[in-house]
Structures are given as C-alpha cells and as structure tokens.
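Numbering (full-length UniProt numbering), first residue to last: 1 to 687.
Written as structure tokens, this is what we have:
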C-alpha cells in the first residue's frame, strides 16, 4: 500500500478475499496491478468496518476487518475467586470462530477493539486484562479473591485478538505488561501497583462500599457548554455515563447573548476568521486588477449582509451542538450553575426558575469573558468582542483599546473592510508572543492604514451623540509625561484581556481554590482541583494555553481517564497557534525571548529569512514583509524549539510543521526536506 498522488491510500495489488464460515474475512495472496490513480482503498459509507477495493468507481468487494471476536458477545458474568479457573471468558474454548486459512491474515478492527476495551472497563467494577500462565496475574486475582471482590478477567493469551487488545491497552495506559488492572473505570496498573494501592488504602477507596455509597442524580455534571465542556460531556456519555451540561450566557452590558457552543463558536474563532476572510477578499479585489480583471462598478462592503450571513452560520452550529447532545443522551440545561453544597448545584434559568442537581463528579469549563477598563463610561458606551460580531450596524470610525491578539485581529479586519481604525496600546504588542514578530505585525498594519497610539491609557469615555453608530469622546493619559489625549470615535472596542468566569459559581462553598488575582484555577497534571471530585479544563486553568483545540483535547482525555481506563494526559507543550492579523502569524514552541531564558543565548541558533509570496509579485505589494524564523537548540542536535512565520495562510503552514516539531524536528531534517515550489511553506526548507 502507498499514498497515491492525491494523498489517498492506493493498493498496488488486488486482494483476494476468503470469507470464513462465521463472518469475518481474511486477506489472501495478491496479484499485482498497476496504479493509475483510479484504484484506492476506501473505508466507510455503508460498509463500516471493511477495507474494500474500488476500481474505476466499481465495488469489487473487500475483507472485513476484525470479522470475529475472541470472546462470546453475550453479557459476561463477573468471575469470583471460585469461578476464575478453569474456564475464563475470552478463552479459545469459548470461541467457535475458525482460524483463517493458511497464509491468510486477519485485519484488526482498531476502532472496534478500542470500543470493546473501553466498554469492558466501564462495565465491570474490577477488570483484569491477564494471561493464564502469568504468576503476577494470578497474584492479583488472589488479592481480589481474598478481599471478597468479584472481578472480570480476560485472558489475552487464549484470545484470538489478544495481542491487538494488548496494543490498544498500551495506547490507553502506556503499560505494555499484564496484569493490567482497572477498578471502577480507573487505571490501577500492574501487580506491584495494585498491591501498593492495597497497602496504602487507595485500592479500597477506589472499590468503595456499594452499600454505603451515596446515590447521585448524575455521574458527571459539566458547568459550561463551550468547546471543552461539550467534548468532555459527549466522550463521557459515549463511555456509558449519565451526564448533564449546564450553559448560560450572562448578557453583556449592552444586552448581547448567544447560543450553545461557547466563545469560539459564537464570539471568537469562527466569526473572527470569517470577518478576516471578508477583509482578505477586499484585498484580493484590489489585486485582481493587476491580474487583468476589469470591472466598472464601484465595489463597497455591506456590514449588515456580512453579519447576517455569519450569524446564520453560527446559528446552524448552535443547533448542531444541541442535536449532538441529544443523540448522546446528554441532559442540557440553559441555566446558570452554582454550587450550594458538596456534590450539589443550583441551576437557575432565564425565567428565574431554580432546580437542584447532584453528581459524583464535576467538571468546570466556564471559560472567560472580556475585561473592562473600570473607568467612567466603559460599560455604558463601549463594546467588546462579545458585541462586535453580531453588531447590527457598521461600527464606523473605531478606537480599539488594547494590544492583545483579539485587539489586533479586530483592528486588522475592520481596517481591511475600509474603516478608520486606531489602536491604543498601554505597553507592548502581543504580550507572551515573540516580540520581533509582534513588532513586524504592528509595522505592517501601520503601512495598511491602522493608527497606533503608544503608551497611552483611556481615563474616560463620554457620549456626544446617539445613533447607530453614535459619537463618543475618549480622554486618555500618556504613561510617560503629563500629556493627555482627546479623540472622537463612533465606536470604542475594549480588548485588554479576559477574566475567568469562576467567581460567582459557589466555588468557595465547596472549597475549590482559585487565584484571587485573575480567577484562574490551579490544577494538577490530570486537571484535578484541590477538591478531588471537581476538575477543570479550558481557559480557566492557571498557567495553561487559552486555545479551543487544547480545551477539546483536554476534555476528551479527561473523560477517558475518568471513565475509560486511560492514563493519557493532555500535552500542553509545543501547541501551534495562529494570530489572524492581516499578515497572519503562526507559531509553535518557544518565543525567542523564552528560548533565551530557558537555554541561554549562546546555546541557540536562529535561522531566519524574508520571503515574497508569488501571488503578491504581480500586484507588486508588500515585498520584504513576510518573514520566518526557526530557533534551534545547539546542544540538542539543533532541534527546533521555536517556529515562527508571518505570511498568508500562516495557520495552514504552521499546522504541518507542528506535527514535525512534536516528532523532534531538527535543522538537518529541514535541510534534507525537499520543498514544494512555488509555495510559502517551502521557506522552511530554505532557511
């Protein structure tokens, strides 16, 4: 099998399939055929779980992957000490399936095996993946028998797909040996780990006393229906747990609110990228004349049409999220959640109606909201990004206060739509990002019509005139010197940062600690707070990245650790991101300042270059503006520890390099890589 020219898997030989008597399929000897790009292996559609052969659009049949299981599919009884020998579930004697014909190979159904393993873990109080001849496995079984605890054992050495199951377990737990023990969905480990847990009392706590266990309404309640909360809820429901999600948007001072899905979908990544695209189309129209396009009609932008189209799309996403929760049997309440006692919350809906709900475990995924200036007139007359994307009128001449990525992104697309935009900056641009790249972004925006007022802080906003938009007077104070600034604008947008939504949900009632300065929640490496039954994910975590894909990954992995027997934790290192300013900025790894702080300047090598996208040469714009650099650790084989690029489609470029950086990319490997010409991404092979 190889990758065809379009990136699809392409079989170089036609597979002959021998169907076994009991279902299942095996791949037989192959006759080599030429690959013309028309033949490819396909999976999916109506043929779930089958690899199949398509030639010229015609179905030629295929081999079912994992066509039989190694154990009967009836509901297994737990095995007590008196039952576990000699007939173990999953043994060869219980499997009537015939082996494949000589010379044939059964293809594992990895997705099916993963689901099977997780189902076994979730459905048994004690689940032991064992081997019949292993003395350590027998020791663990004897331990549970001595405690009078029933367990279920799957003997991998007498199960036809045992090696594949053991590989799935290795991916879930990073443990490649047996016994592999799970108690109430929690991964305990091997023989030594199980005995250690028994000796220190952890095992007994995991087992609990069923008679004395308190009954809760739900296994899991998630407060917050953003990307992370939804991902966690659906994963937990898939693993058989009873789950509730509470999501409530407190309206902005101007009354703006939105539907299910959180910041990213409603007032963040999605509408931001779409408005960024609208601005890029304006630039493309200007470039098109140089490419020979002729049009007499004067082109102008209609804000209302753009906003309506974007909001219609967001509405479809809101509906899709509600539907997916319903399909997973997750209970959704559009209510504000607040802890009133341990394991219990109060839910208040828009009408003020109150209900109470209990759960064994809680996940906080409340996200953040924009911070205001705390000056006269800010909440009365100013807007934030929470208001901008559904604003029913064009904002007109706009002052943006702040230098965060939200501030610069909004300034970029508003200017690209033809508006008069000014950015007021207290100190530096893009705090936390590479400052060389940040200053290049600022310089590019200035050449494209954005005005920057540096080292200046607003002190008052006054209304001069009503309207849509109206007219506002802004008074500000420079941080260096006694001078003041006074200006008039139609709209003032505040983008100075965001605060975690953790202060008014009753965390103090149950003892969850937060950082009093910013509301962030300290957690351990498993996203667990100081209160054992409360976890937190997403933007509210202290010291973690505030990115949607990070919250989604953390939510899924948390659910799998809680209920699927996994031990995999979210990796917060080398996470790629992009700032969608007019000149997009993609990065992965360390900023140059952070790299110097960590490794020392003398131990780093920085490779950098300007480049000019081919598409920009004909219009003759922005030469010597796009820029890329990689930061390498000299004493670690010149490993790439920082990747930064300014240019069109920087997010698409960075995503590919991020995977390579995860795998330990070095400068030598980059030099050995042949670039795709002519592209912007080939700069990485030419630095």
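The C-beta atom is built at its ideal place from N, Cα and C for all residues, glycine as well.
Since this is a predicted model, take the numbers as computed values, not measurements.
Terminal residues of the alpha helix (DSSP H) in which residue i lies
i	result
residue 553	548-563
residue 276	269-288
residue 615	614-617
residue 405	405-416
residue 385	385-388
Proximity test, Cβ basis, 8 Å: residue i and chain C
i	result
residue 188	No chain C is present in this structure, which holds just one protein chain.
Range covered by the beta strand (DSSP E) that runs through residue i
i	result
residue 127	126-130
residue 722	Outside the shown range of the chain (1 to 687) lies residue 722, about which nothing can therefore be said.
residue 422	421-425
residue 586	585-589
residue 632	626-633
residue 594	No beta strand (DSSP E) contains residue 594, which is instead part of the alpha helix (DSSP H) from 592-599.
residue 578	577-579
residue 380	That residue, residue 380, is in no beta strand (DSSP E); its alpha helix (DSSP H) goes 378-381.
residue 545	Looking at the DSSP string, residue 545 is not in any beta strand (DSSP E), and its letter there is neither H nor E.
residue 399	398-401
residue 364	354-364
residue 608	604-611
Residue i CB to nearest heavy atom of the ligand SAM below 7 Å
i	result
residue 110	For the ligand SAM, the structure offers nothing, since it holds no ligand at all.
Alpha-carbon spacing of residue i relative to residue j, whole angstroms
i	j	result
residue 390	residue 195	58 Å
residue 338	residue 500	15 Å
residue 224	residue 393	30 Å
residue 571	residue 216	32 Å
residue 166	residue 236	23 Å
residue 53	residue 162	Note that residue 53 has pLDDT 34, beneath the 50 cutoff, so the model's placement of it is unreliable and the number below is only indicative. Spanning the two alpha carbons is a distance of roughly 28 Å.
residue 284	residue 615	10 Å
residue 669	residue 182	41 Å
residue 462	residue 531	46 Å
residue 191	residue 134	11 Å
residue 384	residue 232	28 Å
residue 634	residue 277	39 Å
residue 143	residue 528	29 Å
residue 509	residue 368	21 Å
residue 475	residue 546	32 Å
residue 657	residue 650	11 Å
residue 228	residue 535	12 Å
residue 377	residue 631	45 Å
residue 254	residue 274	23 Å
residue 524	residue 681	38 Å
residue 207	residue 141	15 Å
residue 652	residue 138	52 Å
residue 577	residue 543	16 Å
residue 366	residue 678	44 Å
Local Cβ density within 10 Å of residue i, reported as buried at 16 or more and exposed below that
i	result
residue 159	buried
residue 290	exposed
residue 605	exposed
residue 663	exposed
residue 409	buried
residue 484	exposed
residue 124	buried
residue 592	buried
residue 146	exposed
residue 688	Nothing about residue 688 can be read from this structure; the chain reaches only from 1 to 687.
residue 205	exposed
residue 517	exposed
residue 187	buried
residue 514	buried
residue 271	buried
**Request:** Count the CB pairs spanning the stretch 231-248 and the stretch 563-579 that are closer than 8 Å, and state whether there are at least three.
**Result:** yes
**Request:** Return the chain-ordered ranges of every beta strand (DSSP E) run that is complete within the stretch 295-336 and spans a minimum of 3 residues.
**Result:** 331-333
**Request:** May I have a chain-ordered list of the beta strand (DSSP E) segments no shorter than 3 residues that lie completely inside the stretch 107-192?
**Result:** 126-130, 152-155, 180-183, 186-189
**Request:** Examine the Cβ distances between the stretch 356-363 and the stretch 438-451 and report whether three or more of them are shorter than 8 Å.
**Result:** no
**Message:** Quick test of the definition: if touching needs 3 or more C-beta pairs under 8 Å, does the stretch 591-601 touch the stretch 415-423?
**Reply:** no
**Item:** Three CB pairs or more closer than 8 Å across the stretch 118-126 and the stretch 147-162
**Value:** yes
**Asked** Curious, which full-length beta strand (DSSP E) runs of at least 3 residues does the stretch 438-519 contain?
**Response** 451-454, 456-465, 471-478, 484-489, 491-494, 498-500
**Prompt:** Does the pairing of the stretch 573-585 with the stretch 643-650 give three or more beta-carbon distances under 8 Å?
**Reply:** yes
**Request:** Take every Cβ of the stretch 240-260, pair it with every Cβ of the stretch 323-332, and state whether three or more of those distances are shorter than 8 Å.
**Result:** yes
**Prompt:** With contact counted as at least three CB pairs below 8 Å, one residue from each stretch, are the stretch 483-496 and the stretch 452-465 in contact?
**Reply:** yes
**Request:** Give, in chain order, every unbroken run of the alpha helix (DSSP H) that is at least 4 residues long and sits entirely within the stretch 204-239.
**Result:** 227-238
**Request:** List in chain order: all unbroken alpha helix (DSSP H) runs of 4+ residues lying wholly within the stretch 636-666.
**Result:** 650-662
**Three or more C-beta pairs below 8 Å linking the stretch 301-320 and the stretch 259-269** = yes
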